[in-house]
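Chemist: Here it is, the structure in full.
In our numbering, the protein residues as written are 2 to 384.
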C-alpha cells in the first residue's frame, strides 16, 4: 500500500457545500460590529464612446511622466472549436512577436527598447488585451505603432511555427510537476472531460491551427463593438481624447462577439481519484467541489470563510496541519467564484507518503469544523 501511495497523486471530490454552512450562520455574522471603511478619493473619470462602439475610460495621474494604455478585447478561447484549442493563445503571442509589415518583430523590439516602452498582446479564455506603457513625451510617436500592432499584425509563418514549438514544449513538460498534473485533472473531474472549461492544448490541436485561422480570429475580435480602452497617466485630457478618436475612429464597428458559457452539469457525489506518477516520493492531495458565482449573495461571507480556513499563515489549515501536526510544509485552499461560470472550491496539501491519510483526515476535520461552529471574533478581525 505504501508503495502505491508513493506513486500517485490523490484527488478527492467532497459531497459538501459551504453555501449551506454560511446560510446556517447568517444570524451569527450579523451580530458582529464592523468598523467604518477608510475614506477613498475616487479620481475623476472621463468616459466617452465614439461612433464605431469603442468606449474609452480616461484618468489623469501626473505623479510620474508615464502613460498606460489598456485595450480590452471581447474575444477568447471559450468559443474556439475543440479541434483548434490554443488558437487564441497563438494569436496573442504572434501579434506581438511577429510584429507588422511596417514594424517586423525584431525591428519592433529594437524601437521599443530604445524608447524604454512596452507593448504586449494576449488572448485568454474570456478576453484579450493589448497594452502599452510609454513615457509621456513618446506617446504621440508610439501610439501609431501600438495601433499597427493591434490592427495589422503580420502573422509571419516563421513566428507562428516558433510559437507552436514553444507551446509544444510546454505540452511535453506539463506532467513534470505534481501540482500541474493535479490541478489539470481536478478541473476535468469537476467540469467534465468534455467541458470547454477543462479543455487543454494538445499536439493535434496545434497542428490544426493555420495562419488563416489566426487572421480570421483577429479580424472578428478587433472591431469597435468588442473594444474598451483605458488610459491613465500624465496627459492633457482634451488632447488625449482627440488623439484617441483619430487612432480608433476608423476601426470597423463590426459585430460584438457573443461569448457562450454552457451550464456546468455537476452533482455533489463523493469520489477518490488517483493519478500515477512513479517518479515522486510524496503525495500531492487536492479535495473539493464546484464553487460559486460572483453574484452569489454569500460571496463576501465565503471569501471571509476561505481566508479563515486556508488563507495565509494564520489560517486554520496552516496552523493545524502544518504548525501543530507537522504534516506538511505547504497546505492551501481557495473558494473560487466565477463571473461567467462557477469556480471551484479546493483544499490541498503536499505531504510525505506515510502521512497521506492523516493529512487528508486533518483537512476534512477542519472543513467540518468551520461548517458546524461559528468563527471567532479574533479570526474575523484578523481576516
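Just so it is clear, CB atoms sit at the ideal spot from N, CA and C, and this is done for glycine as well. Every value quoted in this text rests on a predicted model; they were computed, and no experiment measured them.
#1: Can you grab the Cα-Cα spacing for the pair residue 103 / residue 342, in whole Å?
#2: Taking the alpha helix (DSSP H) that residue 247 belongs to, which residues open and close that run?
#3: Any idea what DSSP makes of residue 309, helix, strand or coil?
#4: Cβ atoms of residue 81 and residue 88: under 8 Å apart, would you say?
#5: In the DSSP assignment, find the alpha helix (DSSP H) that holds residue 106 and state where it starts and stops.
#6: Tell me which residues share the same chain as residue 135 and place their Cβ nearer than 6 Å to its Cβ, disregarding the 5 neighbours each side in the sequence.
#7: Tell me whether the beta-carbon of residue 354 lies closer than 8 Å to the beta-carbon of residue 271.
#8: For residue 260 and residue 129, I'd like the C-alpha separation in whole angstroms.
#9: On the premise that residue 367 lies in contact with residue 321, defined as a C-beta separation below 8 Å, what is that separation, rounded to the nearest angstrom?
#10: CA-CA distance, residue 236 and residue 245?
#11: Can you give me the C-alpha to C-alpha distance between residue 172 and residue 44, rounded to a whole angstrom?
#12: Starting from the N-terminal side, write out each stretch of the alpha helix (DSSP H) that is 4 residues or longer and does not extend beyond the stretch 129–156.
#13: With 16 other CB atoms within 10 Å as the buried threshold, where does residue 340 fall?
#14: Leaving out five residues before and five after residue 254 in sequence, what residues of the same chain have Cβ atoms less than 6 Å from its Cβ?
#15: On the DSSP bridge assignment, give the partners of residue 67 in chain order.
#16: Return the first residue and the last residue of the alpha helix (DSSP H) that residue 96 is part of.
#17: As an exercise, report each continuous beta strand (DSSP E) stretch of at least 3 residues that is fully enclosed by the stretch 286–366, in chain order.
#18: Put residue 73 into one of helix, strand or coil per three-state DSSP.
#19: Determine the closest residue to residue 346 out of 141, 125, 153, 291, with distance taken between C-alpha atoms.
#20: Identify the continuous beta strand (DSSP E) that holds residue 232 and give its terminal residues.
#21: Under 7 Å Cβ to Cβ from residue 379, same chain only, skipping five residues before and after it: list those, please.
#22: Excluding the 5 residues preceding and the 5 following residue 318 in the sequence, name in chain order all residues of the same chain whose CB lies nearer than 7 Å to its CB.
#23: Just the C-alpha distance for residue 329 and residue 229, rounded to the nearest angstrom, thanks.
#24: What is the rounded straight-line gap between the Cα of residue 275 and the Cα of residue 120?
#25: Let me make sure I understand the geometry here. Which of 300, 323, 56 has the alpha-carbon closest to that of residue 252?
#26: Per DSSP, what kind of secondary structure is residue 41 in: helix, strand or coil?
#27: Roughly how many angstroms separate the alpha carbons of residue 96 and residue 150, rounded to a whole number?
#28: Residues in the same chain with beta-carbon distance under 8 Å from residue 24, minus the five sequence neighbours each way, listed in chain order, please.
#29: Hey, residue 202 and residue 86: beta-carbon distance below 8 Å or not?
#30: Between 131, 280, 190, which has its C-alpha nearest residue 269's C-alpha?
#31: Throw me the rounded Cβ distance for the residue 212 and residue 156 pair, which I believe falls under 8 Å.
#32: Going by Cα to Cα distance, which pick from 266, 178, 131 is closest to residue 279?
#33: Whose C-beta lies closer than 7 Å to the C-beta of residue 257 among residues of the same chain, with five residues either side of it excluded?
#34: What number of angstroms, rounded off, separates the C-alpha of residue 35 from the C-alpha of residue 182?
#35: My guess is that residue 165 and residue 207 are in contact by the Cβ rule of under 8 Å, so how many angstroms apart are they, rounded?
Modeler: In brief:
#1: 41 Å
#2: 238–249
#3: helix
#4: yes
#5: 106–115
#6: 68, 118, 143
#7: no
#8: 13 Å
#9: 6 Å
#10: 12 Å
#11: 44 Å
#12: 140–152
#13: exposed
#14: 53, 54, 225, 226
#15: 136
#16: 88–98
#17: 329–336, 345–353
#18: strand
#19: 291
#20: 228–234
#21: none
#22: 310, 311, 332, 334, 348, 364, 367
#23: 45 Å
#24: 43 Å
#25: 56
#26: coil
#27: 7 Å
#28: Caution is warranted here: a pLDDT of 43 is assigned to residue 24, below 50, making its placement in the model unreliable, and the coordinate value is therefore given only provisionally. Around residue 24: 299.
#29: yes
#30: 190
#31: 6 Å
#32: 178
#33: 75, 226, 227
#34: 42 Å
#35: 5 Å
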